[in-house]
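In our numbering, the protein residues as written are 155 to 437.
Note that the Cβ used here is the ideal one computed from N, Cα and C, for glycine as well.
What follows is a short report on a single structure.
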Amino acid sequence: MGGDYILKSGDREKLLRSVRISQALHAQGFDSSLPLLTRTGKEYFQDRETFVLTRRLRGNPLSKADRFGPSRVIFGEQYGRSIARLHKALKAIQEDIPSAEVDLYKRVTEWALPSVKRQNTERNIGLDETFFSDVMRGFGELHDKLPRQLIHRDPNPSNILFHNDTVTGFIDFDLSETNIRLWDVCYCATGILSESTDGEDEGHEKWLEILGGILRGYDLEGRLTPEEKHAVFYVICSILIICIAYFEGREMHKDLAEANRRMLGFVVRKKEQIDSLVSSRMI
Numbered sequence: 155m156g157g158d159y160i161l162k163s164g165d166r167e168k169l170l171r172s173v174r175i176s177q178a179l180h181a182q183g184f185d186s187s188l189p190l191l192t193r194t195g196k197e198y199f200q201d202r203e204t205f206v207l208t209r210r211l212r213g214n215p216l217s218k219a220d221r222f223g224p225s226r227v228i229f230g231e232q233y234g235r236s237i238a239r240l241h242k243a244l245k246a247i248q249e250d251i252p253s254a255e256v257d258l259y260k261r262v263t264e265w266a267l268p269s270v271k272r273q274n275t276e277r278n279i280g281l282d283e284t285f286f287s288d289v290m291r292g293f294g295e296l297h298d299k300l301p302r303q304l305i306h307r308d309p310n311p312s313n314i315l316f317h318n319d320t321v322t323g324f325i326d327f328d329l330s331e332t333n334i335r336l337w338d339v340c341y342c343a344t345g346i347l348s349e350s351t352d353g354e355d356e357g358h359e360k361w362l363e364i365l366g367g368i369l370r371g372y373d374l375e376g377r378l379t380p381e382e383k384h385a386v387f388y389v390i391c392s393i394l395i396i397c398i399a400y401f402e403g404r405e406m407h408k409d410l411a412e413a414n415r416r417m418l419g420f421v422v423r424k425k426e427q428i429d430s431l432v433s434s435r436m437i
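The structure is reproduced here in structure tokens:
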């Protein structure tokens with residue numbers, strides 16, 4: 155369709171859900187991929203498949219150099235603020251948007267954690283056995299107290315657009331679901347961490363500052379609850395645990411499983427610093 159337009163096709167329900175989300179984001183001041191109406195005034199064209207035509211959004215994902223550069227904390231705050239604004243928009247429409255209900259604690263403890271425990275022995279990840287019991291107990295005590303709503307589910311940095319150093323919009327809502335809202339906050343941070351996976355290098359240390367910026371930005375705009383602040387470490391670990399279990403089961407993605415194992419090891423070693431971020435006056 156050229157550089158200015160995007161033609162999407164596929165499941166009608168998912169496409170129309172994406173349209174409703176785009177309209178809600180537009181109402182919140184984000185650039186959003188609103189559909190171009192057909193000649194009959196509909197938001198989609200139905201043939202053998204469903205088609206939706208939208209304009210391409212302005213902006214591009216922030217570069218890695220900018221994410222880890224001198225303004226990394228400022229950009230981190232922008233990520234956090236924009237996700238909080240996104241959540242306000244999604245919460246306003248969630249009753250009208252069908253979505254899957256996800257129990258993150260159950261997904262982690264019943265499916266992913268057993269796989270990672272096995273890999274910890276077989277692949278020498280280096281995690282102490284107390285880590286697994288801590289996740290079961292600590293996250294279990296907090297999970298049901300965490301705010302839930304419709305979330306993006308995949309707000310990695312490539313799905314968040316910037317223009318003139320400001321967040322303008324989000325793309326790719328295909329995986330949207332009802333889950334704890336803290337997932338989106340931590341998923342953005344984990345996506346940035348994945349760009350620096352070669353050990354406890356300077357990039358990893360900078361990531362801790364970026365994480366602090368993301369959490370502070372979200373808290374300024376949307377207010378993290380005390381339970382959410384205590385759960386940050388567990389949710390980051392949960393994301394990595396799920397990725398490890400998922401990628402390890404796919405031969406072509408073994409390298410991604412290994413990258414996530416390294417990230418999990420780093421995060422566990424930095425638990426005290428992560429916990430101090432959310433308990434400090436920064437947030």
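- The beta-bridge partner set that DSSP reports for residue 304 consists of 332.
- With contacts defined by Cβ atoms closer than 8 Å, residue 332 and residue 393 do not form a contacting pair.
- Pairing residue 325 with residue 221 gives a Cβ-Cβ distance that is not under 8 Å.
- Linking residue 366 to residue 229 through their CA atoms gives a straight-line distance of about 11 Å.
- Each residue's CA atom was taken as its position, placing residue 275 and residue 283 some 10 Å apart.
- For residue 324, the enclosing beta strand (DSSP E) covers residues 320 to 324.
- Spanning the alpha carbons of residue 330 and residue 306 requires a straight line of approximately 5 Å.
- Bounds of the alpha helix (DSSP H) holding residue 421 are 408 to 423.
- For residue 163, the enclosing beta strand (DSSP E) begins and ends at 159 to 164.
- Secondary structure note for residue 386: its alpha helix (DSSP H) is the uninterrupted segment 380 to 402.
- Assignment of beta-bridge partners to residue 205 by DSSP yields 163 and 199.
- Taking a C-beta distance under 8 Å as the contact criterion, residue 186 and residue 176 qualify as a contact pair.
- The DSSP-derived three-state label of residue 310 is coil.
- Note: residue 214 is bridge-paired with 316 in the DSSP secondary-structure output.
- No Cβ-Cβ contact shorter than 8 Å links residue 294 with residue 341.
- In chain order, 394 place their CB closer than 6 Å to the CB of residue 418, counting only its own chain and leaving out the 5 sequence neighbours on each side.
- Nearest to residue 278 by C-alpha distance, out of 300, 412 and 430, is 412.
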